[in-house]
Amino acid sequence: MGLVETEAVVLHTHKLAEADKIAVCMTESAGLIRGVAHGARRLKSRFGAALEPFTLVNLTFFEKEARELVTIKSAEIIKSYFDAARDVEGLAALEYLAELVREFAPPHQPDPKLFRMLRACVDALAKEPENSRALLSYCELWVLKLAGFLPDYRVCAGCGKPLGGAQGGDVHVGPEGVLRCRICRQAGQAISAEAYRLLSAIRVSGPCVWSRSYFAVSARDQQTVSEMAQRLVRRVLEREPKSGKLVQAERPTDGPAGLGRA
Ligand SMILES: [Zn+2]
Numbered sequence: 077m078g079l080v081e082t083e084a085v086v087l088h089t090h091k092l093a094e095a096d097k098i099a100v101c102m103t104e105s106a107g108l109i110r111g112v113a114h115g116a117r118r119l120k121s122r123f124g125a126a127l128e129p130f131t132l133v134n135l136t137f138f139e140k141e142a143r144e145l146v147t148i149k150s151a152e153i154i155k156s157y158f159d160a161a162r163d164v165e166g167l168a169a170l171e172y173l174a175e176l177v178r179e180f181a182p183p184h185q186p187d188p189k190l191f192r193m194l195r196a197c198v199d200a201l202a203k204e205p206e207n208s209r210a211l212l213s214y215c216e217l218w219v220l221k222l223a224g225f226l227p228d229y230r231v232c233a234g235c236g237k238p239l240g241g242a243q244g245g246d247v248h249v250g251p252e253g254v255l256r257c258r259i260c261r262q263a264g265q266a267i268s269a270e271a272y273r274l275l276s277a278i279r280v281s282g283p284c285v286w287s288r289s290y291f292a293v294s295a296r297d298q299q300t301v302s303e304m305a306q307r308l309v310r311r312v313l314e315r316e317p318k319s320g321k322l323v324q325a326e327r328p329t330d331g332p333a334g335l336g337r338a
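If you want my numbering, it's the 1-based position in the sequence shown plus 76.
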C-alpha cells in the first residue's frame, strides 16, 4: 500500500469523465492494476503518450487499502509500440495477448514471471507480427502455465510415467487437453513426436526461438499445438475469448510464416 514505483505494460485504456483516463496495466511488482490518471486526456497532459496501450512505462501510482482503483501519479515511456499497434494484424495479436493477461492475472497480486513473459511477447509481436500465430500459441501456453492451468506435459496424466523420449503414436491428447501414454489413452488422438517436442520446448525457449521451432514442424503439428492451446484457454474461460476470434480467423493453416496470407 502507499506509493508504488514499478515497470508496467499498459494493456487497455478507456475514458473517464471529461479529462481523465482509466488504464489497466500489468505491473512488475504489483500485478494487474486499474488506475485513474487525472487529466490524462488534456492536450498538455503530464502523461503525454505514455498511457497508450502496449507502451512499456515506468509507472508511479498510489494504492489505498480496500480500494480497487489506484491513482496514477506519473508514467514515463521506456518503450513505445505505437508502430506495431498501427499494423492491423499486429494490433489484433496484441489485443488478444492483453485480453489473456487481463483474464488470467489475479488483480493486485505480484507475478514478475507473467510480467516478464508479457514484456517479451509484446516485444516479439512488435518485431515479428508475421509470426503472430506461433507467438500467440506461445503466449496462450505460458499464460496457462503461470496461472496453473497447463497440465504437466512431462508425464502421462493417467499413470505418471515420463513421456520424454516418446516416439510418434506414444503420446495421446484427450479432449480435456491432457496428455496420456499409449496404455492410458482414452478417446484422444495421437500426436506426433515433433508436436510433443514443440510443446515441451515451451518450458525452455523464449518466444522468438520457440516461434522458429514452431514453423520448423509440419502444418499439421503446428495446428495440433495451436488448437490444444486454444482449447485449454476456452476451457478455463468457459467461453471464446472476445478478441481471439479475429486472431484465430487470421491464422492460416499451412505454410511457414508469411505464406498463406494474401
Ligand atoms: Zn500412462
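Where a beta carbon is used, it is the ideal one built from N, C-alpha and C, also for glycine.
Cut-off 6 Å between Cβ atoms - residues of its own chain near residue i, not counting five sequence neighbours on either side
i: L308; result: L220 and G253
i: K140; result: none
i: A160; result: G166 and A202
i: A151; result: F123, A126, L127, V133 and L135
i: T300; result: I267 and A271
Residues near residue i in its chain [Cβ-Cβ closer than 7 Å; skip 5 each side]
i: D297; result: S268, E270, A271 and L274
i: H114; result: D96
i: L79; result: T136 and F138
i: E171; result: S319
is_contact[residue i, chain B] using C-beta, thresh 8 Å
i: Y229; result: In the structure shown, chain B does not exist; there is a single protein chain.
Residue i and residue j closer than 8 Å at C-beta
i: L108; j: R178; result: yes
i: V100; j: L119; result: no
i: T89; j: E104; result: no
i: S287; j: N207; result: yes
i: A181; j: L190; result: yes
Any non-hydrogen atom of ligand 1 within 7 Å of residue i CB
i: K237; result: yes
i: R288; result: no
i: G240; result: no
i: I259; result: yes
i: R230; result: no
i: G253; result: no
i: R279; result: no
i: G264; result: no
i: G250; result: no
i: R256; result: yes
i: G115; result: no
Own chain residues within Cβ distance below 8 Å of residue i, not counting five before or after
i: P332; result: Summary for P332: the model assigns pLDDT 41, below 50, so the residue's position carries little reliability; its value from the coordinates is reported in the next sentence. F291, listed in sequence order.
i: S276; result: Y229, R230 and G240
Rounded distance between the beta-carbons of residue j and residue i, thought under 8 Å
i: L212; j: I278; result: Not really, about 13 Å apart at Cβ, beyond 8 Å.
i: V198; j: L173; result: 7 Å
i: L239; j: C260; result: So it is not a contact: roughly 11 Å between Cβ atoms.
i: R192; j: S302; result: So it is not a contact: roughly 23 Å between Cβ atoms.
Status (buried if at least 16 other CB within 10 Å, exposed otherwise) for residue i
i: A263; result: exposed
i: L255; result: buried
i: P188; result: exposed
i: C215; result: buried
i: C235; result: exposed
i: A84; result: buried
i: G336; result: The predicted position of G336 is uncertain, since its pLDDT is 35 and thus under 50; no value can be drawn from it.
i: Q185; result: exposed
i: P317; result: buried
i: A142; result: exposed
i: E175; result: buried
i: A93; result: exposed
i: M77; result: exposed
i: P251; result: exposed
i: K91; result: exposed
i: G111; result: buried
i: E204; result: buried
Proximity test, residue i beta-carbon vs ligand 3 heavy atom, cut-off 7 Å
i: G234; result: Among the ligands in the structure shown, ligand 3 does not appear; only ligand 1 can be found there.
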